[in-house]
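Residue numbers (our numbering): 153 to 283.
Note that CB positions come from ideal geometry on N, CA and C, so glycine has one too.
Just so it is clear, the structure is predicted and the values come from calculations on it, not from any experiment.
Now the structure itself:
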């Protein structure tokens with residue numbers, strides 16, 4: 153799980169405390185609150201280095217990048233999606249859309265929708281993916 157949303161963070165905290173049933177699947181959390189697309193690579197490099205590829209990589213990022221110019225976001229996303237596919241060729245990449253939240257103006261909502269669409273197209277172009 154790669155992302156910046158508070159949900160993965162709090163889910164990982166719940167898991168650490170042991171208040172969840174043990175499942176047969178292992179979840180690795182590569183995230184922290186406030187992360188953006190530019191932080192993705194450094195958060196997963198150890199898993200890549202030790203060839204610890206997941207079967208599924210869920211990417212939940214982008215909301216913190218809405219303040220960055222679109223071209224810059226798109227360039228970073230393109231590079232990071234390519235890096236993920238090269239690093240984990242057999243993994244299914246799942247991109248979670250940025251969710252609309254309070255405090256976003258109309259311009260931010262339009263930008264969010266463009267980032268979501270770009271991300272979906274980028275991930276789906278790699279082959280094994282979902283969104």
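Considering residue i, what are the terminal residues of the alpha helix (DSSP H) in which it resides?
i, result
"residue 192", "192-201"
"residue 187", "No alpha helix (DSSP H) contains residue 187, which DSSP labels as neither H nor E."
"residue 256", "Premise fails: residue 256 is in no alpha helix (DSSP H) and is neither H nor E."
"residue 218", "Element bounds for residue 218: n/a, residue is neither H nor E."
What is the rounded straight-line gap between the Cα of residue i and the Cα of residue j?
i, j, result
"residue 191", "residue 202", "19 angstroms"
"residue 240", "residue 226", "21 angstroms"
"residue 187", "residue 199", "18 angstroms"
"residue 278", "residue 184", "26 angstroms"
"residue 165", "residue 276", "31 angstroms"
"residue 204", "residue 212", "20 angstroms"
"residue 253", "residue 242", "33 angstroms"
Just to check my reading of the structure: residue i and residue j have Cβ atoms closer than 8 angstroms, yes? What is that Cβ distance to the nearest angstrom?
i, j, result
"residue 244", "residue 207", "7 angstroms"
Taking residue i as the reference, give the member of the options with the closest Cα.
i, options, result
"residue 235", "185, 170, 189 and 217", "189"
"residue 281", "227, 186 and 210", "210"
"residue 255", "276, 247, 216 and 275", "216"
"residue 263", "205, 200 and 218", "218"
"residue 274", "258, 228, 252 and 239", "228"
"residue 259", "170, 270, 239 and 221", "221"
"residue 223", "170, 165 and 270", "270"
Might you give, ordered along the chain, the residues of its own chain that have their beta carbon closer than 7 angstroms to the beta carbon of residue i, omitting 5 neighbours on each side?
i, result
"residue 250", "214, 215, 264, 267 and 268"
"residue 232", "189, 192 and 193"
"residue 261", "252"
Please list the terminal residues of the continuous beta strand (DSSP E) segment that includes residue i.
i, result
"residue 210", "208-212"
"residue 244", "244-247"
Can you list, in chain order, the residues of its chain whose CB lies under 8 angstroms from that of residue i, leaving out five sequence neighbours each side?
i, result
"residue 230", "274"
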